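Take the sequence shown: its letter number 119 is residue 119 in UniProt numbering, and every next letter is one higher.
One structure is given below, encoded as structure tokens.
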Amino acid sequence: MKSESATNGSPDVPGSADEPVAIRTAQTRPGAATASTLPGESAQRELDYWRGVLTDCAPVTLPTDRPRPASGDGGGSVASFTVPAQVVTALTDLGQPGDATLSMALLTAYATLLARHTAQWDLPVGTPVARCDSPGAGDAAGRSNSVVLRCTLDADTTFVEALDRVRDTCRGAFAHAELPFDHLAANLYPERDMSSSPLCRVAFDLHDQESAAPATDAARLPHTDLTLVLRRGADGTMSGGFAYDTALFEHRTMAYLALQFQQLLETVAADPETRLSRLSILPEAEAAVLAQWSAGLGPVVERPVLEAFQEQVTRTPDAVAVLCGDASLTYAELDERANRLAHHLGSVGVAAESLVGVELPRSVDLMVSLLAVWKAGAGYVPLDPALPRERVAGMLADAGALALVTRGGPLDGFDGTVVDVQGDAALIAERPSSRPDVTVDPNGVAYVVFTSGSTGRPKGVLVTHRGLGNHVGWAARELAGRGTGGGAVFSSVAFDLVVPNLWAPLCAGQRVALFGPDSGLDELGGWLVAQGPFSFLKLTPGHLEVLSHQLTPEQAAGLAGVVVVAGEALPGALASRWATWLGAGRLINEYGPTETTVGATIHPVPVDVPVDQVVPIGRALPGMRVHVLDERMQPVPVGALGELFVGGVGVARGYVGRPGLTAERFLPDPFGPPGARLYRTGDVVRWNAEGVVEFLGRADDQVKIRGYRVEPAEVASVLARCPLVDEAVVVARTDDGEARLVGYVVPAGGPGAAPGAELATYLAESLPEYMLPSAFVELKAIPLNANGKVDRKALPAPAAEAPQDTAGAAPTTPTERRLAEIWGRVLGKEQIRTTDSFFALGGHSILVVQVIAAARKEALPLSVVMHYKARNLAELAVRVDAAVEAQARDAAVRTS
């Protein structure tokens with residue numbers, strides 16, 4: 001097939017040879033200009049039909065390049081392509097046995113492409129149709145209407161089977177095409193999301209008559225995210241393209257989509273009996289580009305960290321290696337003390353493949369002990385002293401630890417040897433100071449870090465020396481190489497984010513500064529300034545937010561040569577603030593599960609990073625590979641949703657003592673050499689058109705709110721932009737057995753400065769109603785766990801109800817009384833006062849819908865926006881009365 005947005009010879013830039021075609025899309029909804037002339041009974045029958053068809057139907061949610069604006073601006077462009085005549089003929093012939101048209105075949109292919117991009121297999125697609133009842137006899141636009149074709153597909157059906165299903169859908173829809181689209185939308189979705197069409201965000205427009213005119217006629221393009229527009233040519237080809245909203249998509253993304261659709265049509269024409277999930281939508285050229293993007297660039301480091309450290313001891317024996325408060329050790333002193341402890345560990349049976357727990361606070365003893373475990377040939381299991389003793393004992397038991405290095409006596413529930421670095425200090429000091437005769441096995445276990453498990457039982461990840469050496473080697477070169485000040489450790493060592501902070505400085509001849517174990521986060525900023533500048537800092541977004549309030553911009557800029565953020569998704573607003581303070585190239589977003597040895601990808605954050613998006617996670621680190629795959633572990637094309645799989649030298653051995661879970665998450669790598677494995681992250685991502693991986697959320701974070709799929713992180717991103725809010729987190733809770741969103745906020749203006757009603761009003765300006773949290777909880781600070789991540793378990797459940805204002809006035813006006821009665825019914829309250837807030841009484845978005853439905857039965861013109869903007873019952877009644885008066889004035893004008 002020939003694409004009119006053809007490549008210019010560069011394999012990774014399709015569409016760059018041609019500028020996008022600028023078009024003007026219609027500003028109104030499909031069919032908005034048409035008034036119904038159907039008799040009332042006929043209109044009701046049509047409405048009942050469509051209500052049955054579209055029940056629980058959610059619009060297609062394509063991954064976008066930019067956040068959806070509060071309202072569509074009508075700007076559009078087209079990514080053009082041509083379908084060859086032989087493919088058109090094959091698709092035409094394909095439908096004839098089942099009496100399906102070419103249009104139906106193309107629609108089936110279009111819906112399949114959308115399903116493969118979004119993982120939605122129930123897809124409402126709008127399409128224009130001709131109407132017979134319109135008074136605009138000589139006006140094609142006046143005679144047109146739009147209908148919704150609900151394409152309900154199944155990944156396991158063949159294309160031919162899917163075509164039969166789409167044929168039936170089209171016949172049913174076209175038989176009920178007289179009801180104007182706006183009338184249908186107004187009845188099914190009285191409160192529209194002004195940023196997109198209320199029923200369908202994607203559309204299909206086929207001009208099946210031969211013509212040389214362009215297919216992308218602006219008059220026929222509804223305001224949608226994406227419309228497939230095609231026109232049959234006189235030569236038997238079909239020309240057209242994807243008309244898209246430029247506020248949402250980049251042209252390069254749409255150029256890739258055009259190539260993918262052409263590939264899909266060719267595959268269908270060649271083998272229509274292929275299952276939808278197996279139809280090829282990935283052109284060979286794009287597959288080659290993805291293979292290039294998947295591989296990390298840069299040298300792979302083969303040297304184990306212990307060897308790199310010992311070589312550094314030889315080079316700089318008198319340089320300071322570690323310091324904590326007033327205590328410090330040089331490289332030679334650290335090496336000697338670690339040697340003695342290693343000999344002591346050997347005397348109690350520690351050897352190669354042994355695991356040794358290390359439960360010590362941040363201190364020089366901690367660094368000595370970690371090194372000593374390696375020097376004894378074993379792997380360490382870092383344990384946070386703040387953990388409950390029972391949990392520590394359980395982790396040691398799961399790991400099969402032979403010994404525990406700690407301060408204090410025996411641990412209940414642990415049968416191994418306990419080495420007390422204080423109580424046994426004299427004995428340890430008598431051990432030889434020479435290095436034990438141990439050779440590090442690259443495939444041996446360097447450490448085991450426990451992460452939380454979905455079942456509540458933590459799982460220990462076995463990380464190898466090979467994987468650790470590669471990551472730390474990169475960090476020593478690229479991070480510690482940014483200066484001479486070393487790194488800082490201020491999180492628990494049981495959190496693998498600190499691994500490069502611990503070891504990269506020691507491989508580069510620099511120092512490791514340890515934040516005092518008794519110090520709190522409120523002291524972190526001052527300590528970092530006093531100890532800095534560092535070569536690099538690595539921390540979580542939570543830490544970065546804390547430091548934002550503790551440091552001046554000048555202090556922030558002087559902290560380190562480079563700042564690396566990891567552990568959680570990095571909000572654009574926070575990244576923008578720090579990128580501005582630090583300057584170009586000094587803020588890096590890193591991504592990597594524990595199972596892939598600390599980090600798998602990085603993304604240098606530009607100074608002009610968009611504030612309303614989560615920062616991308618970037619490209620693979622040296623020695624690593626990243627693949628975005630579908631459910632069959634096949635690569636998904638650019639722009640499509642997929643799950644992130646990580647391969648390379650950093651992939652861990654698996655979970656200690658959990659062979660079943662290991663087999664489930666660590667899979668054979670179909671793209672790598674024999675024996676290679678991929679780690680299945682469970683993270684939903686996509687490739688953007690620049691070859692950068694964008695993090696979209698966890699597969700298990702997705703929730704359904706009244707049938708709609710919602711990512712809480714998306715709502716939190718919008719909430720955090722509210723001027724009333726300093727920090728925000730949104731989670732899905734099921735406290736009452738039903739999933740609902742709850743927003744947690746730290747008010748920018750102090751306690752009480754971010755009322756829930758005002759927050760809801762702000763969100764309602766950007767998000768559809770179903771994405772609005774049902775409750776808001778004000779916090780003094782977002783709780784963080786010991787690793788600097790949001791502690792979701794510490795987020796309180798919203799109060800079941802707030803105390804009513806018994807001192808408030810009773811409703812007096814007719815509207816106040818009617819609204820109070822409705823509120824009381826919906827909320828289960830016996831008494832409603834004019835000063836009461838609906839949300840403070842326990843109301844939420846679902847109950848608002850019930851209130852609106854009840855109000856309209858009583859002819860009260862109430863809307864979602866009105867409800868959210870009113871601070872109490874009295875204000876809501878005033879707004880309703882004003883709406884009634886406005887309706888009366890409009891009616892008088894129309895009849896005059």
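We put the CB at the ideal spot given by N, CA and C, even for glycine.
Quick caveat: nothing in here was measured; it's all calculated off a predicted structure.
Linking LEU741 to GLU711 through their CA atoms gives a straight-line distance of about 10 angstroms.
Between the C-alpha atoms of VAL87 and ALA255 there is a straight-line separation of about 20 angstroms.
Between TRP527 and LEU462, the alpha-carbon positions lie close to 33 angstroms from each other. Bounds of the beta strand (DSSP E) holding THR451 are 445 to 451. Taken in chain order, the complete beta strand (DSSP E) segments of 3 residues or longer contained in the stretch 524 to 560 are 534 to 539. Nearest in C-alpha terms to ALA177, of all of ALA186, VAL565, PRO128, LEU107, is PRO128.
Ranked by how close their Cα comes to the Cα of TRP687, the residues GLY650, ARG677, GLY642, ALA716 have GLY642 in first place.
A straight line joining the alpha-carbon of ARG680 with that of ARG407 spans about 38 angstroms. Within the same chain, Cβ atoms closer than 7 angstroms to the Cβ of TYR331 are found at GLN312, VAL313, THR316, PRO317, ALA319, ALA321, the five residues on either side in sequence being excluded. In the DSSP assignment, ILE428 falls within the unbroken alpha helix (DSSP H) covering 425 to 429. Taking the Cβ atoms as the reference, TYR244 lies roughly 15 angstroms from LEU230, outside the contact range of under 8 angstroms. Taking a C-beta distance under 8 angstroms as the contact criterion, SER103 and GLY241 do not qualify as a contact pair. Per DSSP, GLU858 is not a residue of any beta strand (DSSP E), being assigned neither H nor E. The residue from ARG435, VAL405, VAL419, ARG389 with its alpha-carbon nearest to that of GLY413 is ARG389. Our two residues, ARG477 and GLY623, have alpha carbons roughly 14 angstroms apart in a direct line. The three-state secondary structure of GLY675, taken from DSSP, is coil. With fewer than 16 neighbouring CB atoms inside 10 Å of its own CB, SER347 falls in the exposed class. Shown here, TYR762 sits in a helix according to DSSP, grouped into three states. PHE181 sits in a helix when the DSSP states are folded into three classes. In chain order, ASP156, THR158 place their CB closer than 6 angstroms to the CB of ARG275, counting only its own chain and leaving out the 5 sequence neighbours on each side. At the C-beta level, VAL147 and ALA173 come within 8 angstroms of one another. Per DSSP, the continuous alpha helix (DSSP H) segment holding CYS170 begins and ends at 159 to 174. Three or more beta-carbon pairs separated by less than 8 angstroms are not found between the stretch 430 to 441 and the stretch 380 to 397, which leaves the two stretches without contact. When the Cα atoms are used, HIS471 and VAL301 turn out to be separated by approximately 8 angstroms.
Here the alpha carbon of LEU784 sits roughly 5 angstroms from the alpha carbon of ASP791. When secondary structure is reduced to three states using DSSP, LYS780 falls in the coil class, being assigned neither helix nor strand.
Distance between GLY843 and ALA119, taken at the CA atoms: about 33 angstroms. When the beta-carbon positions are compared, GLY416 and LEU402 come within less than 8 angstroms of each other. With contact defined as three or more Cβ pairs closer than 8 angstroms, the stretch 652 to 665 and the stretch 690 to 697 are not in contact. The beta carbon of ALA338 sits closer than 7 angstroms to those of VAL368, LEU371, ALA372, LYS375, all from its chain and outside the five residues before and after it, given in chain order. For the pair GLU821 and ASP608, the Cα-to-Cα distance works out to about 52 angstroms. In the DSSP annotation of this structure, the continuous segment of the beta strand (DSSP E) that includes HIS627 starts and ends at 624 to 629.
For PRO128, DSSP records a beta bridge to SER146.
Taking all protein chains shown into account, HIS603 has 16 or more neighbouring C-beta atoms within 10 Å of its C-beta and is therefore buried. Counting along the chain, LYS459 sits inside the beta strand (DSSP E) bounded by residues 459 to 464.
Taking the C-beta atoms as reference points, ALA475 is found no nearer than 8 angstroms to SER535.
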